[in-house]
Amino acid sequence: MKNAWKNIDDKKLALAFSDGYINFLNIGKTERTCVDFVKGLAEEQGFKDIDAVPALKAGDKVYKINRGKNIILARIGSGDIISGTNIIAAHIDSPRLDLKQNPLYEDSSLALFKTHYYGGLKKYQWTAIPLSLIGVVIDADGNTINVNIGEDEGDPVLTITDLLPHLASDQMSKKMTEAFTGEDLNVLVGSMPHDDEEKTVKDYILDILKDKYNITEEDFISAELEIVPAFKACSVGLDSSMVGAYGQDDRVCAYTAMKAIFDCVDTTRTAVCYLADKEEIGSIGNTGMKSRFFENFIAEIIEKVKGNYNDMYLRRALTASMCLSADVGVALDPNYKSVSEEKNSAYLGGGLTMCKYTGSRGKYSTSDANAEFVGKVRKIFNDAGIAWQTGELGKVDQGGGGTVAQYIANLDVDTIDVGVAILSTHAPFEIASKADVYTAYLGYKAFYQA
Ligand code: MN
Ligand code: MN
8 MKNAWKNIDD
18 KKLALAFSDG
28 YINFLNIGKT
38 ERTCVDFVKG
48 LAEEQGFKDI
58 DAVPALKAGD
68 KVYKINRGKN
78 IILARIGSGD
88 IISGTNIIAA
98 HIDSPRLDLK
108 QNPLYEDSSL
118 ALFKTHYYGG
128 LKKYQWTAIP
138 LSLIGVVIDA
148 DGNTINVNIG
158 EDEGDPVLTI
168 TDLLPHLASD
178 QMSKKMTEAF
188 TGEDLNVLVG
198 SMPHDDEEKT
208 VKDYILDILK
218 DKYNITEEDF
228 ISAELEIVPA
238 FKACSVGLDS
248 SMVGAYGQDD
258 RVCAYTAMKA
268 IFDCVDTTRT
278 AVCYLADKEE
288 IGSIGNTGMK
298 SRFFENFIAE
308 IIEKVKGNYN
318 DMYLRRALTA
328 SMCLSADVGV
338 ALDPNYKSVS
348 EEKNSAYLGG
358 GLTMCKYTGS
368 RGKYSTSDAN
378 AEFVGKVRKI
388 FNDAGIAWQT
398 GELGKVDQGG
408 GGTVAQYIAN
418 LDVDTIDVGV
428 AILSTHAPFE
438 IASKADVYTA
448 YLGYKAFYQA
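Here the sequence shown is numbered in my numbering, starting from 8 and rising by one per residue.
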């Protein structure tokens, strides 16, 4: 197998790059906190809100935020935009537990939150670990209140209890899909009785929320509150060669694509970095990749570059564009080799992973990049000395899945999945190689400059 470390001249640079990535993971635990983080860095880099810019010329840098949960960045190239753009699309939502709209209840003198899981997760992995609560509440007057409990030093954390082994023989003999149900994922949030004997443990929790955030029970109705792992991202391995963290699917590609658009200079083609929400639940809704938001943004760029707009400009620009769907791949796991086919699997530390297709049951529901475009991307990487490997989503008929690739391809854009292969995907603690993280950054930069 290839080893990306061998392509990296200065290992210290690659290791240092991951320090910034780890910081991003610790702040960007939800799509909203990712958007805030990216916006802050983009503004430092000279990107401006496109709504505040009347006209655009080569070298200009703009961004647009979609409902606080999805951000798109662009750097205007020197060539005619009708000749196409170079797009990298990653997603910033990750599997988690969302609070239900009426979450708080009391049972057996304990206060708990009801949740509804978001994305494909193995429910047992979310019990007996420290959890944080992050999100927004819109109060009765329409004010936005940011909630963040469990992330700051000294904050309490939340958790979901699990059964002791001594009493778990019934549970342990069940199938894993049945041993933990969605309605069992109730978060423990309190146990102290109210000073007022007439009131309950739940009332005391409501008082605390009122004191800290000035929110009432009805405010949960208009809230998006996410339960995520409370632990921090960190280095993994005696050699510190890997990153362990929640949410690396797909913030690893989001961070590296963002850094690449910051650092690519003098591009001929307009560079676009799309950080999507809702990938984990099918890319639906107005902040997901299937939304018109993407086309609307490109249309707005065209209008501001050209000084006028007609729909054929947009159609031609999309047809001539190319896209890397930057999402995590599956690295072969030595503990679970049987689900992968070794000759076509990606490996941790093997460099950027190119997946010609994803899908399942006979390539169903995949865009399956055409050979010519795969060849083009391969040449871009080879010319730039980027370590790359091919990958697939497990062996044939083992399972499968999809990415945003097919939705961009549907817009008549040449698209291929190119990302970082990781271990323990969708677990609360996912593993990536620091060599692959750095290689992704270099590879995405080379793509923007192609
Ligand atoms: Mn993903
Ligand atoms: Mn995923």
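Built from N, CA and C at the ideal position, the CB exists for glycine as well. Just so we're clear, the structure is a prediction, and the values are computed from it rather than from any experiment.
What distance in whole Å lies between the Cβ atoms of residue j and residue i, which are believed to be in contact at a cut-off of 8 Å?
i: Gly407; j: Gly401; result: 7 Å
i: Gly292; j: Lys9; result: So it is not a contact: roughly 38 Å between Cβ atoms.
i: Ala283; j: Ile429; result: With 8 Å as the limit, Ala283 and Ile429 do not qualify as a contact, their Cβ atoms being about 18 Å apart.
i: Ala439; j: Val259; result: 5 Å
i: Thr134; j: Ile167; result: 5 Å
i: Asp424; j: Thr410; result: 5 Å
i: Leu195; j: Leu140; result: No, Leu195 and Leu140 are not in contact; Cβ-Cβ is about 12 Å, not under 8 Å.
i: Ile152; j: Ala442; result: Contact doesn't hold; Cβ gap of about 41 Å is too wide.
i: Gly426; j: Ile288; result: The pair is not a contact, with the Cβ atoms about 19 Å apart (cut-off 8 Å).
i: Leu106; j: Leu216; result: Actually they are not in contact, since the Cβ atoms of Leu106 and Leu216 sit about 12 Å apart, beyond 8 Å.
i: Val381; j: Lys363; result: 6 Å
i: Cys330; j: Asp421; result: 7 Å
i: Phe227; j: Asn342; result: With a Cβ gap of about 40 Å, Phe227 and Asn342 do not count as contacting.
So, is residue i buried or exposed, given that buried needs 16 or more other C-beta atoms within 10 angstroms?
i: Pro102; result: buried
i: Leu20; result: exposed
i: Arg299; result: exposed
i: Leu185; result: Just to set this straight, residue 185 is Glu in the shown sequence, not Leu. Glu185 is exposed by the Cβ-count criterion.
i: Thr274; result: buried
i: Gln413; result: buried
i: Gly142; result: buried
i: Thr78; result: Correcting the residue identity first, residue 78 is Ile in this sequence and not Thr. When all chains shown are included, Ile78 counts as buried.
i: Tyr371; result: exposed
i: Tyr112; result: exposed
i: Ala147; result: exposed
i: Asn93; result: buried
i: Ala394; result: buried
i: Thr365; result: buried
Helix, strand or coil for residue i per DSSP?
i: Leu321; result: helix
i: Tyr364; result: coil
i: Phe436; result: coil
i: Tyr445; result: helix
i: Met296; result: coil
i: Gly401; result: coil
i: Cys41; result: helix
i: Val346; result: helix
i: Leu418; result: coil
i: Cys260; result: helix
i: Ile83; result: coil
i: Gly426; result: strand
i: Asp26; result: helix
i: Gly450; result: helix
i: Ala118; result: strand
i: Pro341; result: helix
i: Ile234; result: strand
i: Ala135; result: coil
i: Thr326; result: helix
i: Gly407; result: strand
i: Leu282; result: strand
i: Ser461; result: Since the first and last residues shown for the chain are 8 and 457, residue 461 lies out of range.
i: Gly251; result: strand
i: Ala376; result: coil
i: Tyr112; result: strand
i: Val243; result: strand
i: Tyr455; result: helix
i: Leu355; result: coil
i: Leu32; result: helix
i: Leu331; result: strand
What residues in its chain sit with their C-beta under 6 Å from that of residue i, if we drop five residues either side in the sequence?
i: Glu38; result: Lys76, Ile99, Asp100 and Asp284
i: Arg385; result: none
i: Tyr445; result: Ala21 and Phe24
i: Asp465; result: Summary: the structure shown does not reach residue 465, with the chain confined to residues 8 through 457, and so no result is reported for it.
i: Asn73; result: Thr294 and Phe300
i: Ala230; result: Val144
i: Asn303; result: none
i: Ala353; result: Gly336, Ala338, Thr360, Gln396, Gly398 and Ala428
i: Gln405; result: Val346
By Cβ distance below 7 Å, which residues in the same chain neighbour residue i in space, the five residues on each side in sequence not counted?
i: Ala264; result: Ile95, Ala97, Cys280, Ala333 and Tyr451
i: Ile387; result: Ala453, Phe454 and Ala457
i: Val164; result: Pro137, Leu138, Ser139, Gly157 and Ala237
i: Asp169; result: Thr134 and Ala135
i: Asp256; result: Ser101, Val335, Ile429, Thr432, His433 and Glu437
Within a Cβ cutoff of 8 Å, which residues of the same chain sit near residue i, ignoring the five residues on either side of it in sequence?
i: Phe436; result: Pro236, Phe238, Gly251, Ala252 and Tyr253
i: Lys68; result: Ala49, Gln52, Gly53, Phe54, Lys55, Leu80, Ala81, Arg82 and Ile83
i: Ile88; result: Thr277, Ile308, Ile309, Val312, Lys313, Tyr320 and Ala324
i: Ile212; result: Leu111, Ala118, Val196 and Gly197
Problem set entry | Any beta strand (DSSP E) of 3 or more consecutive residues that is wholly inside the region 139-222 | 151-156 and 194-197
Problem set entry | Those runs of the alpha helix (DSSP H) which lie wholly inside the region 52-107 and span at least 4 residues | none
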